[in-house]
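J.: Would you mind keeping the following structure in view while I ask a few things?
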Amino acid sequence: TFASIVEKETGHEKDRSVVSSVFHNRLKKKMKLQTDPTVLYGLAVLKGAMPNNISKLDLITPTRYNSYTNYGLPPTPISNPGRNAIAATLRPANTKYLYFVSRNDGTTAFSESLNQHNNAVNMFQINPKAREGKSWKDLKKNK
């Protein structure tokens, strides 16, 4: 189950062990995982279709898979993890990171504090200029 979340959370190979470390660190601190792929999967189970986007309302919609409303791991895997996600789960990077956000270029910004994380969210997600030309469709075109 853990590796399935790592699989869905990042497609960037170098980030997997660090993403894994974030989830290990959160579990050790008894924090909620708060990871969007679990929300999307839970909504797909609930509604019978995978949503294209996630909303603030989705984050509080109760499902057995929603890691914003539930502590610990979901009841079942949310994907079929690959070998690298499994390896990252078994051997996470040694970090103090508790948060991360997509940079919209396929890589991830990691933070140790909520304040650092909120600044990164503003820089990479909320700021409209940071998102220009960086949709998944745009990234696919540039490959």
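Position one of the sequence shown corresponds to residue 61 (the numbering used here), numbered consecutively onward.
No residue lacks a Cβ here, since even glycine has one placed at the ideal position from N, Cα and C.
Should leucine 150 be labelled buried (16 or more other beta-carbon atoms within 10 Å of its own) or exposed?
T.: Exposed, by the Cβ-count rule.
J.: Could you spell out the range, first to last residue, of the beta strand (DSSP E) harbouring tyrosine 159?
T.: Where tyrosine 159 is concerned, the enclosing beta strand (DSSP E) stretches over 159-162.
J.: Kindly provide the ranges of any alpha helix (DSSP H) runs that are 4 or more residues long and lie completely inside the region 62-129, ordered along the chain.
T.: Qualifying alpha helix (DSSP H) stretches, in chain order: 62-69, 76-88, 96-107, 116-120.
J.: Mapping DSSP to helix, strand and coil, what is threonine 168?
T.: If DSSP states are grouped into helix, strand and coil, threonine 168 belongs with the strands.
J.: Can you find the residues in the same chain that come closer than 7 Å, C-beta to C-beta, to isoleucine 114, ignoring five residues on each side of it along the sequence?
T.: Correct list, in chain order: Asp96, Val99, Leu100.
J.: Roughly how many angstroms lie between the CA atoms of isoleucine 146 and glutamate 73, to the nearest whole one?
T.: Taking the straight line from one Cα to the other gives about 12 Å.
J.: Give the DSSP-derived three-state secondary structure of arginine 151 in the structure shown.
T.: The answer is coil: DSSP assigns arginine 151 none of H, G, I, E or B.
J.: If you follow the alpha helix (DSSP H) that asparagine 178 is in, where does it begin and where does it stop?
T.: Segment 174-181, the alpha helix (DSSP H) holding asparagine 178.
J.: Using 8 Å for Cβ pairs, my map puts threonine 61 next to proline 137. What's the rounded Cβ distance?
T.: Sure, about 5 Å apart at Cβ, within 8 Å.
J.: By alpha-carbon positions, which one of Gly132, Ile120, Pro111 ends up nearest to asparagine 85?
T.: Ranking the options by Cα distance to asparagine 85, first place goes to Gly132.
J.: Quick one, are the C-beta atoms of glutamate 69 and valine 78 less than 8 Å apart?
T.: In this structure, valine 78 does not lie closer than 8 Å to glutamate 69 by Cβ.
J.: Are aspartate 75 and threonine 155 closer than 8 Å when you measure CB to CB?
T.: Not closer than 8 Å, so no.
J.: So, for asparagine 130: in the same chain, excluding its five sequence neighbours on each side, which residues have a beta-carbon less than 8 Å away from its beta-carbon?
T.: Lys92, Arg124, listed in sequence order.
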